[in-house]
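J.:
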Amino acid sequence: MKGVLERLRKGYGKKLVALHTWNGWIIVILALTGLLLVGGFWRGLLGEGRVWLKWLHIAVGVASILPVIYYLLLAGKHWKQLRQKPWQRLNVIVVLAMLLGWFGSGVLLWQFKAVGPRVSNVALVVHDLLTWIGLPYIIYHSITRTKWLKEPARRSIKPEARPAAAGKKAEVVAAGGAGSQQGPSSPQPVYTRRAFIRGAIGVGLAVTVGPTFLKWLGDSFGSIGGTTAVDKLLEENANKLVPNPVPLPDSAQVVGGGAQGRFRIYTVTDIPTFTNENWSFTIDGLVNNKFKWNWEEFLKLKRKVQVSDFHCVTGWSVYNNTWEGIPLRELLQQAGVKPNAQTVKFYSGDGVYTDTLTLDQANMDDVMVAVMHDGKPIPSDLGGPVRLIVPKMYAYKSVKWLNRIELIEGEHVGYWEQRGYSNDAWVGLS
Ligand SMILES: Nc1nc2c(c(=O)[nH]1)N[C@H]1C(S)=C(S)[C@@H](COP(=O)(O)O)O[C@H]1N2
Ligand SMILES: [Mo]
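What follows is the structure, encoded as structure tokens:
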């Protein structure tokens, strides 16, 4: 161990710079892949690429621990060197804490199956929060500091000696949206100019990132002004089906006490919208009685109410949803499944998304063709008027805009399963 440390400390300054550069690139890759993965906009466009991107993000994320370990081996010396520089010491601690937090929460998100939804939920909030705080911090840091680390001699140099660098920074500030103000002209003491530029960069970042951050905070931690996120989606509901379903008493009273958590709106297509004219619900394939119901007929089918949790593989969950709908089992009974049928195939009205359950899975008593959520119609963004709910499985099984069920022989591979998601969607611990 001692020998290793000795060798590491040789050429220490260069190593620190190289480490810093590597770390910077790793963060750039992780930030770009991470933002692409999170952005709902990219879901449909990326398709299979999304799964590759996810593996790249995970692989680079796991590898990101290496520079941290390497740094920790050098840290003793660096720490002493920063004796007189409390702010730089603080910076080291902040950056290390962020990297370790990102790494730890990332590993938990990667291992979502092993750790279960509760842990994933916390890991996702931590991962998001660190991104919201850490990314602007690191961008700020890299704009204002990298030059100084590479050329420490410049740190306390007079302004005339560094017009080029200062000019570049001013450009970055302007591009960052902080307005067209110019810094004080060169005879000013460097401290003032530097403080100004730093302040301007800080303001620029706050103005560009702040509103989105606040929205995320609001969405993640509670309902605003008493209306839930779902209520808001319902106000913007693009479906025009009449009449509205009349809720059963349990549903009207919301026996689950109201859903906890926020649905992220996921779709791989544009959000389809429906009217009484273009909506129907079909059961066909290997059944004795095929059905094609219109909206009014569909509403006459006997519904039930259940309370269940909803988990996405990406780490978010919505707990205690009061769903009202037709148990799938009862629909299948009514249709009369033929003995040679093996698989239940679900089609979305988006024309693209499909998924399947085996007959055994489809006959679980909590699998539901849902029409209402917490006593209200399901908004178009969340898969209304009718979506599938499979509480014991991850939500990629819960096909939105469900409008056809087909019984088939053999297998069918669903949309996300074709693109790398596991066919085994069982939620482990909960
Ligand atoms: N038609 C359709 N159904 C879908 C999806 C989709 O993209 N299209 N995404 C699935 C995934 S991965 C999840 S997590 C849930 C998300 O449901 P929500 O958008 O109502 O939150 O829907 C599932 N059903
Ligand atoms: Mo999902």
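Mapping the sequence shown onto this note's numbering, position 34 (from 1) lands on 57, and the numbers just tick up by one.
Built from N, CA and C at the ideal position, the CB exists for glycine as well.
Predicted model only: the values in this text are computed from it and were never measured.
When burial is assigned at 16 or more other CB atoms within 10 Å of the CB, is LEU411 buried or exposed?
T.: buried
J.: Could you check what DSSP says for TRP318 in three-state terms: helix, strand or coil?
T.: Annotated three-state conformation of TRP318 is helix, per DSSP.
J.: Beta strand (DSSP E) containing LYS323: first to last residue?
T.: Element bounds for LYS323: n/a, residue is neither H nor E.
J.: Thinking just about the alpha-carbon of each residue, which of PHE304, ARG285 and ALA229 is nearest to the one in TYR163?
T.: Among PHE304, ARG285 and ALA229, the Cα nearest to that of TYR163 is on ALA229.
J.: DSSP state of SER403, grouped into three classes?
T.: helix
J.: Could you please give the first and the last residue of the uninterrupted alpha helix (DSSP H) stretch that includes ASP254?
T.: 252–258
J.: Can you list the residues near ligand 2, meaning Cβ strictly closer than 7 angstroms to any non-hydrogen atom, in the order they appear in the chain?
T.: TYR289, CYS335, VAL336, THR337, TYR417, ALA418 and TYR419
J.: Within the chosen definition, does the stretch 44–59 reach the stretch 73–91 through at least 3 CB pairs nearer than 8 angstroms?
T.: yes
J.: My assumption, with CB atoms under 8 angstroms, is that LEU271 sits in contact with PRO402. Please give the rounded CB distance.
T.: Contact flag wrong, Cβ pair sits at about 19 angstroms.
J.: CA-CA distance, GLY451 and ILE224?
T.: 45 angstroms
J.: Give a single yes or no on whether GLY406 has its beta carbon closer than 7 angstroms to a heavy atom of ligand 1.
T.: With a cutoff of 7 angstroms, GLY406 counts as near ligand 1, since its C-beta is closer than that to a heavy atom of the ligand.
J.: Relative to the alpha-carbon of ALA120, which residue among LYS103, PHE135, HIS150 and LEU97 has its alpha-carbon at the smallest distance?
T.: HIS150
J.: Which of the three DSSP states, helix, strand or coil, is assigned to LYS103?
T.: helix
J.: Name the two residues that bound the continuous alpha helix (DSSP H) containing PRO408.
T.: Bounds of any alpha helix (DSSP H) do not take in PRO408, whose DSSP letter is neither H nor E.
J.: Inspect the beta-carbon positions of GLY280 and ASN343 and report whether they are closer than 8 angstroms.
T.: yes
J.: Cβ of ASN373 versus every heavy atom of ligand 1: is any distance shorter than 7 angstroms?
T.: The residue asked about is misnamed: residue 373 is Asp in this sequence, not Asn. Yes, ligand 1 has a heavy atom inside 7 angstroms of this Cβ.
J.: What residue ranges within the stretch 350–438 form continuous beta strand (DSSP E) runs of no fewer than 3 residues, ordered along the chain?
T.: 366–371, 377–381, 391–396, 410–412 and 425–431
J.: With DSSP as the reference, label SER143 as helix, strand or coil.
T.: In the displayed model, SER143 falls within a helix according to three-state DSSP.
J.: If the criterion is Cβ atoms closer than 8 angstroms, does the pair THR345 and ASP293 meet it?
T.: no
J.: Over what stretch of residues does the beta strand (DSSP E) that includes ASP307 continue unbroken?
T.: 304–308
J.: In chain order, what residues of the same chain lie with their CB nearer than 6 angstroms to the CB of ASP273, ignoring the 5 residues before and after it?
T.: VAL328
J.: Within a Cβ cutoff of 6 angstroms, which residues of the same chain sit near PHE11, ignoring the five residues on either side of it in sequence?
T.: Lying before the first or after the last residue shown, residue 11 is absent from the chain, which here runs from 24 to 453.
J.: For PHE135, which three-state DSSP category applies?
T.: helix
J.: What are the start and end residues of the alpha helix (DSSP H) that includes ARG285?
T.: No alpha helix (DSSP H) contains ARG285, which DSSP labels as neither H nor E.
J.: Is there contact here, the stretch 366–383 with the stretch 419–433, by at least three beta-carbon pairs under 8 angstroms?
T.: yes
J.: DSSP three-state label for TYR444, please.
T.: In the displayed model, TYR444 falls within coil according to three-state DSSP, outside both helix and strand.
J.: What does the alpha-carbon distance come out to for the pair PRO414 and ASP447?
T.: 14 angstroms
J.: Any contact of the stretch 436–444 with the stretch 373–382, i.e. 3+ C-beta pairs under 8 angstroms?
T.: yes
J.: Going by beta carbon distance, what residues of the same chain come within less than 8 angstroms of LYS191, once the five residues before and after it are set aside?
T.: At LYS191 the pLDDT is 38, less than 50, meaning the model places this residue with poor confidence; the figure from the coordinates comes in the next sentence. Hits under 8 angstroms: none found.
J.: What residue range is occupied by the uninterrupted alpha helix (DSSP H) comprising THR337?
T.: Run containing THR337: none; DSSP gives neither H nor E here.
J.: Measure how close the beta-carbons of GLY433 and GLN365 come, nearest whole angstrom, since I'm counting them as under 8 angstroms.
T.: 6 angstroms
J.: So, helix, strand or coil for GLN12, using DSSP?
T.: Residue 12 lies beyond the range of the chain shown here (24 to 453); nothing can be said about it.
J.: Assuming the contact rule is C-beta atoms closer than 8 angstroms, LEU53 and SER87 should be a hit. Round their C-beta distance to whole Å, please.
T.: Confirmed, about 7 angstroms.
J.: Here's the rule I'm using: 16 or more other beta-carbon atoms within 10 Å means buried, otherwise exposed. How should ALA358 be labelled?
T.: buried
J.: Using C-beta distances below 8 angstroms, list every residue in its chain close to LYS313, excluding the 5 sequence neighbours before and after it, in chain order.
T.: THR305, ILE306, ASP307 and ALA358
J.: Does at least one heavy atom of ligand 4 sit under 7 angstroms from the Cβ of ARG141?
T.: Looking for ligand 4 in the displayed structure turns up nothing; the ligands present are ligand 1 and ligand 2.
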